[in-house]
Amino acid sequence: MSLDEFRAEVRDWLEVNCPASMRTPMASFDEACWGGRHFEFASDDQRLWLERAGEKGYTVPTWPKEYGGGGLSKDEAKILAEEMKRINARPPLVSFGIWMLGPALLKFGSHEQKLEHIPKIARGDIRWCQGYSEPGAGSDLASLRTKAEDKGDHWLVNGQKVWTSYADKSDWIFCLVRTEPDAPKHEGISFLLFDMESAGVSTKPIKLISGYSPFCETFFDDVTVPKGQLVGERGKGWTIAKYLLTHERKMIGDIGAPTPLSQLAREKLGTEGGQLEDAMLRSEIARHEIDAAAFMFTVQRATDEAKAGASLGAFSSALKYVGTELNKDRHEKLLKIHGSEAFEWEGQFSRDGAVAKDWLRTKANSIEGGTSEVQLNIISKRILELPDR
Amino acid sequence: MSLDEFRAEVRDWLEVNCPASMRTPMASFDEACWGGRHFEFASDDQRLWLERAGEKGYTVPTWPKEYGGGGLSKDEAKILAEEMKRINARPPLVSFGIWMLGPALLKFGSHEQKLEHIPKIARGDIRWCQGYSEPGAGSDLASLRTKAEDKGDHWLVNGQKVWTSYADKSDWIFCLVRTEPDAPKHEGISFLLFDMESAGVSTKPIKLISGYSPFCETFFDDVTVPKGQLVGERGKGWTIAKYLLTHERKMIGDIGAPTPLSQLAREKLGTEGGQLEDAMLRSEIARHEIDAAAFMFTVQRATDEAKAGASLGAFSSALKYVGTELNKDRHEKLLKIHGSEAFEWEGQFSRDGAVAKDWLRTKANSIEGGTSEVQLNIISKRILELPDR
Amino acid sequence: MSLTLNEELQLLKESADGFFAEKSPVSDLRDLRDREDEVGYRADLWQDMAEMGFVGILLPEEAGGADFGYVGAGLVAEAMGRQLTASPFLAHSVVAASLLKALGDEDRLGALAAGDELYTVAIDEGPRFDLAGTKMTATQAGGGYTLSGLKTFVPDGHVADHILVVARTSGTAGETDGLSVFQVDKGAKGLIADRTIMADSRNWAKLSFNATPATLVGTLDGAYSAVERATDLANTVIAAELLGIAEECLTRTTDYLKERQQFGVTIGTFQALQHRASHLFCEIALTRSAVLKALQTADEGGPVGWFAALAKARAIKSAELATNEAIQMHGGIGMTDEYDIGFYIKRARPLAHLYGDYNVQADRFAALSGY
Amino acid sequence: MSLTLNEELQLLKESADGFFAEKSPVSDLRDLRDREDEVGYRADLWQDMAEMGFVGILLPEEAGGADFGYVGAGLVAEAMGRQLTASPFLAHSVVAASLLKALGDEDRLGALAAGDELYTVAIDEGPRFDLAGTKMTATQAGGGYTLSGLKTFVPDGHVADHILVVARTSGTAGETDGLSVFQVDKGAKGLIADRTIMADSRNWAKLSFNATPATLVGTLDGAYSAVERATDLANTVIAAELLGIAEECLTRTTDYLKERQQFGVTIGTFQALQHRASHLFCEIALTRSAVLKALQTADEGGPVGWFAALAKARAIKSAELATNEAIQMHGGIGMTDEYDIGFYIKRARPLAHLYGDYNVQADRFAALSGY
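Residue numbers (this note's numbering), protein chains in the order written: chain A, 580 to 968; chain B, 580 to 968; chain C, 5 to 375; chain D, 5 to 375.
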């Protein structure tokens with residue numbers, strides 16, 4: 580089938596299968612379909628759209644057909660994306676399974692593990708969370724202490740994770756555990772999968788300064804995990820973790836193209852002779868938007884270079900660093916644009932303080948997924964090749 | 580004598596003794612009287628003013644009378660300064676002897692050394708330079724290698740200094756030398772004085788990117804120095820050096836109050852409705868001047884606190900850091916105000932490129948007298964008490 | 005004048021620092037927030053503050069005040085900034101007191117010093133400070149006036165017994181001429197006070213007036229310069245509170261850097277963090293000087309606009325840097341509601357915005373500098 | 005369009021980088037400066053550049069050009085930025101070529117491609133770029149025109165054989181209507197070219213005209229948009245040269261950090277310096293993308309102002325940071341004339357100023373973005 584034929588086919592399929600209400604923009608990721616055992620669909624259309632896309636493998640277009648993926652080539656996947664964008668189709672499914680575990684399993688998992696888990700990710704049956712960070716570990720991720728003891732026919736997991744995104748809403752966890760307590764810290768780590776309904780697993784949401792609670796503390800108390808649920812080699816989990824961190828970094832750094840500040844400022848503050856009246860704010864916004872536009876082109880350049888076969892490598896750290904710092908700066912400017920209204924915390928008029936809360940939420944951007952300081956360390960070491968202490 | 584009587588006396592003395600041409604502002608320190616064996620006075624008035632002030636000890640008002648100082652109390656010295664300022668009197672003498680060696684000798688020197696050197700500093704007979712930095716040492720000043728060997732009745736000095744201010748115009752040098760080669764690096768250093776006309780001393784001016792050459796390389800090739808010219812204890816020169824660095828830091832950080840950028844911008848660019856027409860530049864200038872004004876008040880506060888008996892201590896590092904960084908920023912803004920005229924390098928119209936050359940000169944502000952990085956290290960360690968590695 | 009504190013002020017500083025550290029640590033604000041306290045401040049603390057002389061700190065002794073001037077008020081505000089103390093101090097003891105003094109109104113000063121009846125001032129009508137842009141119009145009715153319209157961002161607006169409202173008695177929005185100040189009392193006809201819960205968990209209200217009876221305070225039409233002076237003076241004290249916030253953030257952050265271990269070492273040994281902390285220290289040191297200078301100038305009684313704009317601009321810049329750096333250097337724990345550091349950033353921004361943000365101050369600084 | 009270089013452009017880049025590194029290292033500029041060379045560039049290098057196709061890089065093959073477009077010109081400029089190559093490339097091959105193309109003048113393109121007769125463009129009349137503010141007036145005289153007045157900051161103005169001068173044929177200063185372009189030839193009556201030695205040791209001149217005969221190029225009165233387009237296009241290439249400067253500063257600085265020892269360790273191990281170098285790397289990476297996008301947009305032939313302003317603003321910011329950090333991190337040695345790093349900062353600022361500095365670009369970016 581030629582690419583043109585494929586495009587025609589996709590267009591027809593979308594026309595028939597994507598419900599009209601799924602062709603409208605989402606206000607935030609909260610409106611997205613996250614799937615999983617306990618997911619409450621916002622509408623029948625949302626459920627239908629997931630089922631139909633999941634069946635075609637269009638939730639994960641480039642993953643192999645044999646594991647429930649779409650089996651599309653890069654070019655075909657690009658066409659699918661273009662056609663979905665053309666009709667403003669929402670993604671049928673978003674999840675850490677798609678972004679993180681899937682790619683890791685495809686690269687490091689056994690055939691059996693792929694068969695077991697990937698189709699359920701593709702169909703949105705199982706919602707995954709990521710168990711990396713631990714209390715006190717912070718940027719020094721590899722100092723984790725959650726241990727999995729080898730009990731012959733199973734692992735016995737004890738310990739605690741923190742900053743587990745949506746742990747309270749997830750079905751399974753992919754988790755870094757220490758299997759060789761005596762090995763050097765990077766070498767005793769394994770990558771383990773288990774069901775959050777296992778006996779001994781409990782979660783507790785963390786309230787943030789923004790008032791939101793997207794993260795949990797997660798506790799493991801004598802959790803029994805079957806031997807076969809360790810991914811890759813025992814003691815080599817750090818390799819998988821690093822692979823996924825690079826993935827995550829790229830995702831977090833890629834903030835997309837939000838509504839330009841200048842547009843909001845024009846709406847909110849008005850113009851005189853075509854220019855924002857507040858000359859100082861205009862100057863600040865211009866400085867921000869010049870950098871934001873250059874960042875957008877940099878994401879595009881990195882994407883284009885990756886398509887042309889270049890490896891992104893440590894450049895993902897640069898994208899993560901710049902993208903998150905810019906996003907923080909953007910929200911500081913948004914406060915200035917909204918004036919005192921920005922500081923409302925309750926009340927319908929301010930959507931329960933969305934401006935203030937979103938602003939505070941951005942402060943975590945440069946902490947989660949590797950702090951800005953860690954990214955600068957990585958650039959220094961891996962790109963500039965400056966010497967270690 | 581009451582302070583009021585003192586004021587009347589000083590006023591009369593100044594009226595009689597300060598020549599009219601010495602009551603006009605100087606365009607730069609180049610017009611100041613530096614004294615020394617080979618100094619070429621710009622005018623008879625300049626010479627006369629030095630002689631008269633030197634005789635009274637008013638070149639160094641608070642130094643003891645016994646060594647040729649003015650012997651004034653702090654309050655009296657303040658009155659002298661006020662009265663001189665009232666008539667715009669120029670300082671009769673500026674020199675490294677006044678700013679640096681004098682205070683060090685008064686604190687660490689023997690009675691004989693004070694008697695020998697301080698009167699000559701006060702009268703401007705001898706011009707001193709400072710021999711601290713060495714090639715390759717940079718911020719790590721204590722790694723200096725110029726050695727002074729104990730030859731029984733004299734020291735034999737061999738080595739090289741760099742960044743010696745006005746070494747080619749100076750009569751004597753105060754110099755850090757290594758007297759105990761086997762001691763830990765901070766403990767083998769001594770503080771030595773000698774005549775630049777001694778056999779084996781030679782200097783070579785360093786041309787800077789600004790085109791100016793205020794510094795020299797200074798070479799010592801088997802220079803013989805009498806035993807009595809070592810100040811303080813042998814091997815304890817680092818203590819004197821640290822004392823003087825703090826002095827120097829305060830001096831360099833204290834940039835005084837230069838012409839406001841905004842005034843220059845108004846003259847150069849014109850205003851509309853009372854405001855600078857270029858709104859972006861106006862905003863930049865305001866940001867700079869807000870910081871510059873706060874810095875000026877900070878210098879004043881530090882001075883007032885010192886008067887009230889508080890020790891300046893490591894706060895001099897903060898003044899040095901902020902003052903030099905602000906001065907660099909000021910000159911970047913000056914380029915914007917002058918536009919393409921700022922970049923002229925030759926020609927009478929641009930005073931041989933004074934704007935560009937002064938701008939480049941400021942780049943050294945945050946390097947000389949301890950780099951900005953060294954100041955931040957000091958603040959971190961001594962004020963914030965953050966731990967060492 | 006020497007840019008230092010004399011002995012008397014030094015004692016006041018120590019007593020204010022000690023008082024608020026003991027009587028109203030940050031946990032108090034958390035408690036008020038979590039209980040959804042309707043009054044929004046602790047009445048017993050306010051009573052204690054009155055006894056300490058803080059409530060009437062700007063007022064002359066004849067009026068029952070402590071007469072410590074703006075330098076004194078700044079020291080109290082700085083101490084409150086360090087502890088994030090919730091209190092009507094700013095609205096009542098600083099803004100209302102400064103306005104009544106600027107209007108030459110002696111009668112109300114006694115009540116003000118006692119603090120039993122709370123005063124506040126209502127200026128803003130939209131999301132931004134714009135005094136000359138005041139639109140609300142006072143209508144002559146019988147022997148007095150009535151007010152109709154909306155005032156926003158009024159500190160302690162829902163608990164105040166008396167509200168000093170800026171309204172137009174002639175001219176149109178944009179003109180400095182034609183403004184007057186009126187007093188409206190709690191419970192007055194047509195007055196609706198709508199408390200707005202804001203990021204800083206402090207008292208703010210929207211006040212809606214509907215033919216509400218109001219009494220003229222001071223002279224008719226010429227209040228612009230008095231209100232401008234009052235907000236300038238308020239800004240010097242706000243700058244002091246922001247300074248307290250910035251300093252406390254630096255202290256808490258350096259403490260954390262000395263204690264927190266990562267990669268097997270104390271993170272305070274990382275030079276990149278050391279340099280950022282040291283830079284922040286310098287930034288705050290500059291602000292401290294600008295704030296003290298502005299407070300001293302306020303006490304001298306002459307024009308204070310240039311100094312107030314300078315101090316407030318510096319304080320906003322320092323507080324923004326300090327709160328951002330504090331959260332970043334605390335890492336994940338700084339993002340949790342359980343930890344106190346987040347309370348500081350939430351207070352710093354609305355406080356900075358009151359009576360004009362950085363750009364407003366910078367613009368004013370430039371204009372008053374003649375460019 | 006993909007934000008990458010195709011194979012052909014990749015080859016051009018390698019050849020340009022190699023050519024300038026070999027044929028005109030920084031020592032060449034030092035030599036020209038120290039010899040007080042009157043021509044201000046190396047004629048043999050210019051000849052070699054013509055043979056490489058660099059001189060006519062923007063011109064179509066029919067006119068004898070290499071037709072590599074703006075992306076190609078940008079690659080050459082970037083390589084020249086790295087080596088600080090002194091050459092009439094910018095004035096002749098970029099600005100004059102762009103202006104003649106924008107004016108639709110085909111006749112002169114052949115001469116331009118050969119490079120035997122140098123062209124330049126004269127716009128500024130004061131210390132700042134202000135096209136609409138042009139005051140110089142062309143006077144009709146006989147069948148032609150004469151020009152009187154002063155042009156400043158003209159690149160290669162004293163060596164150019166032909167100067168394209170922007171002058172007013174109607175309207176008054178401040179209006180965009182009424183501008184025309186004239187050619188004035190070297191040695192023309194009343195033309196005095198006064199070379200100005202500037203910080204970058206490159207060719208700049210003040211040109212004084214006194215009833216100097218001039219030939220109209222293009223149509224009367226409507227040249228504003230053509231000149232604006234030419235300066236926009238020139239700015240995309242200037243941005244590329246500034247990018248080369250910034251990159252070279254980063255490279256030289258990281259090399260120095262790896263080699264320089266202090267306190268018994270390599271200074272590149274200091275985390276504070278590592279973070280600053282890494283931040284600079286990111287800044288330059290953003291600029292690289294903005295510059296490539298602007299150059300590609302220039303080649304597409306549509307409106308380029310927004311992209312040019314973006315690229316130039318970014319490049320100025322990056323070059324300013326890079327040159328300042330380079331000197332600071334080199335310490336004392338970076339301040340000496342003997343060391344090359346100082347040459348970069350001296351070139352970066354005047355180049356940034358040509359056709360509008362950061363503020364000019366930011367203002368234009370905002371205006372073209374609709375605010």
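Ideal Cβ positions, reconstructed from N, Cα and C, are used throughout, including at glycine.
CB contact check: residue i to chain D, cutoff 8 Å
i	result
B/Ser919	yes
C/Gly360	no
The alpha helix (DSSP H) enclosing residue i, as first and last residue numbers
i	result
C/Thr327	Gly309 to His334
B/Thr638	From DSSP, B/Thr638 is part of no alpha helix (DSSP H); its letter is neither H nor E.
D/Ser174	First-last for D/Ser174: undefined, no H or E at that position.
D/Gly114	Leu113 to Ala118
A/Lys657	Lys653 to Arg665
B/Phe922	Here B/Phe922 belongs to no alpha helix (DSSP H), and DSSP marks it neither H nor E.
Where the beta strand (DSSP E) containing residue i begins and where it ends
i	result
D/Pro159	Gly148 to Pro159
A/Cys795	Phe794 to Pro805
A/Leu772	Ile768 to Asp774
D/Asp189	Leu183 to Asp189
Bridge partner(s) assigned by DSSP for residue i
i	result
A/Asp729	A/Trp734
B/Cys708	B/Ile752
A/Gln842	Bridge partners of A/Gln842: none, in fact.
Minimum Cβ-Cβ distance from residue i to chain B less than 8 Å
i	result
C/Ala312	no
C/Cys253	no
Residue-level contact to chain C via CB, residue i, 8 Å cutoff
i	result
A/Gly738	no
A/Thr818	no
B/Thr877	yes
A/Asp870	no
Residue-chain proximity (residue i, chain A), Cβ-Cβ < 8 Å
i	result
D/Lys297	yes
B/Ala858	yes
Open item on the list: Pairs of beta-carbons, one from the region 699 to 707 of chain A and one from the region 732 to 739 of chain A, closer than 8 Å: are there three or more?
Closed with: Verdict: no, contact absent.
Open item on the list: Three Cβ pairs or more, each shorter than 8 Å: is that satisfied between the region 49 to 57 of chain D and the region 211 to 223 of chain D?
Closed with: no
Task: Any 3 or more C-beta pairs closer than 8 Å across the region 245 to 253 of chain D and the region 920 to 929 of chain B - done: no
Task: Three or more C-beta pairs below 8 Å linking the region 738 to 757 of chain B and the region 673 to 683 of chain B - done: yes
- [ ] Examine the Cβ distances between the region 781 to 799 of chain B and the region 937 to 956 of chain B and report whether three or more of them are shorter than 8 Å.
- [x] yes
Task: Cβ pair count under 8 Å reaching 3, the region 889 to 900 of chain B against the region 281 to 301 of chain C - done: yes
Task: Interfacial residues, the region 660 to 672 of chain B to chain D, with Cβ spacing under 7 Å - done: Residues: none.
- [ ] Name, going along the chain, the residues of the region 259 to 279 of chain D whose beta-carbon falls closer than 9 Å to a beta-carbon of chain C.
- [x] Close to chain C, meaning a Cβ-Cβ distance shorter than 9 Å, are the following residues of the region 259 to 279 of chain D: Phe274, Gln275, Ala276, Leu277, Gln278 and His279.
- [ ] Using a Cβ-Cβ cut-off of less than 8 Å, list which residues of the region 5 to 18 of chain C approach chain B; keep chain order.
- [x] Ser6, Leu7 and Thr8
Open item on the list: Please list, in chain order, the residues of the region 785 to 814 of chain B that have any C-beta partner in chain A closer than 8 Å.
Closed with: none
Open item on the list: Can you pull out the residues from the region 323 to 334 of chain D whose beta carbon lies closer than 7 Å to at least one beta carbon of chain B?
Closed with: Ile331 and Gln332
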